[in-house]
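Working notes for the structure below.
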Amino acid sequence: MSDIIMNNAASRRRRAALLRQQKEEETAMNEIMKHFATYQNNIAFVCESKNNEVIANNNKERIKRTRMQNAKGTSGMFIKP
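In our numbering, each number is its position in the sequence shown, counted from 1, plus 748.
Okay, structure coming up:
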(Lines of atoms letter the chains of each structure in order from A; the text may use other names.)
(Lines give C-alpha, C1' and ligand atoms only; values in the text may rest on other atoms or scores of the structure.)
Protein backbone atom coordinates (compact mmCIF):
# COMPACT_ATOMS: atom_id res chain seq x y z
CA MET A 749 0.00 0.00 0.00
CA SER A 750 2.78 2.45 0.88
CA ASP A 751 4.51 1.68 -2.46
CA ILE A 752 1.38 2.79 -4.34
CA ILE A 753 1.24 6.05 -2.36
CA MET A 754 4.93 6.70 -3.02
CA ASN A 755 4.46 6.00 -6.74
CA ASN A 756 1.48 8.34 -6.88
CA ALA A 757 3.43 11.08 -5.15
CA ALA A 758 6.38 10.61 -7.50
CA SER A 759 4.16 10.60 -10.57
CA ARG A 760 2.43 13.80 -9.37
CA ARG A 761 5.81 15.48 -8.93
CA ARG A 762 6.90 14.36 -12.41
CA ARG A 763 3.64 15.58 -13.92
CA ALA A 764 3.96 18.92 -12.09
CA ALA A 765 7.54 19.29 -13.36
CA LEU A 766 6.40 18.54 -16.92
CA LEU A 767 3.58 21.07 -16.67
CA ARG A 768 6.00 23.73 -15.36
CA GLN A 769 8.39 22.99 -18.22
CA GLN A 770 5.60 23.21 -20.79
CA LYS A 771 4.43 26.51 -19.34
CA GLU A 772 7.97 27.93 -19.47
CA GLU A 773 8.34 26.82 -23.11
CA GLU A 774 4.96 28.35 -23.98
CA THR A 775 5.93 31.64 -22.31
CA ALA A 776 9.23 31.71 -24.19
CA MET A 777 7.47 30.99 -27.49
CA ASN A 778 4.94 33.78 -26.84
CA GLU A 779 7.78 36.25 -26.19
CA ILE A 780 9.51 35.18 -29.41
CA MET A 781 6.28 35.54 -31.41
CA LYS A 782 5.59 38.95 -29.85
CA HIS A 783 9.10 40.10 -30.77
CA PHE A 784 8.70 38.71 -34.30
CA ALA A 785 5.34 40.46 -34.75
CA THR A 786 6.83 43.76 -33.57
CA TYR A 787 9.78 43.30 -35.94
CA GLN A 788 7.41 42.60 -38.86
CA ASN A 789 5.33 45.69 -38.03
CA ASN A 790 8.47 47.84 -37.92
CA ILE A 791 9.60 46.53 -41.32
CA ALA A 792 6.15 47.11 -42.80
CA PHE A 793 6.11 50.67 -41.41
CA VAL A 794 9.53 51.45 -42.92
CA CYS A 795 8.51 50.03 -46.31
CA GLU A 796 5.21 51.92 -46.23
CA SER A 797 6.89 55.21 -45.35
CA LYS A 798 9.40 54.78 -48.20
CA ASN A 799 6.56 54.03 -50.61
CA ASN A 800 4.70 57.12 -49.40
CA GLU A 801 7.81 59.24 -49.99
CA VAL A 802 8.09 57.95 -53.57
CA ILE A 803 4.40 58.67 -54.22
CA ALA A 804 4.73 62.16 -52.71
CA ASN A 805 7.74 62.92 -54.91
CA ASN A 806 5.85 61.74 -58.00
CA ASN A 807 2.89 63.93 -57.08
CA LYS A 808 5.11 67.00 -56.71
CA GLU A 809 6.46 66.53 -60.23
CA ARG A 810 3.02 66.07 -61.78
CA ILE A 811 1.21 69.15 -63.10
CA LYS A 812 -2.08 69.59 -61.33
CA ARG A 813 -5.00 69.94 -63.71
CA THR A 814 -8.54 70.80 -62.69
CA ARG A 815 -11.80 70.60 -64.56
CA MET A 816 -13.62 73.89 -64.90
CA GLN A 817 -16.90 74.93 -66.46
CA ASN A 818 -16.85 76.98 -69.64
CA ALA A 819 -17.29 80.74 -69.30
CA LYS A 820 -20.63 80.60 -71.14
CA GLY A 821 -22.03 78.37 -68.43
CA THR A 822 -22.52 75.39 -70.68
CA SER A 823 -22.34 71.92 -69.30
CA GLY A 824 -19.18 71.14 -71.30
CA MET A 825 -16.01 70.95 -69.28
CA PHE A 826 -12.45 71.78 -70.22
CA ILE A 827 -9.22 71.03 -68.46
CA LYS A 828 -7.35 74.05 -67.21
CA PRO A 829 -3.57 73.58 -67.44
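From the three backbone atoms N, C-alpha and C, an ideal C-beta is built for every residue, glycine too.
The model shown is predicted, which means the values in this text are computed figures rather than measured ones.
- Spanning the alpha carbons of A764 and M781 requires a straight line of approximately 26 Å.
- F784 and Q770 have their C-alpha atoms spaced approximately 21 Å apart.
- If the five residues before and after R761 are omitted, its C-beta is found closer than 6 Å to no C-beta atom of its own chain.
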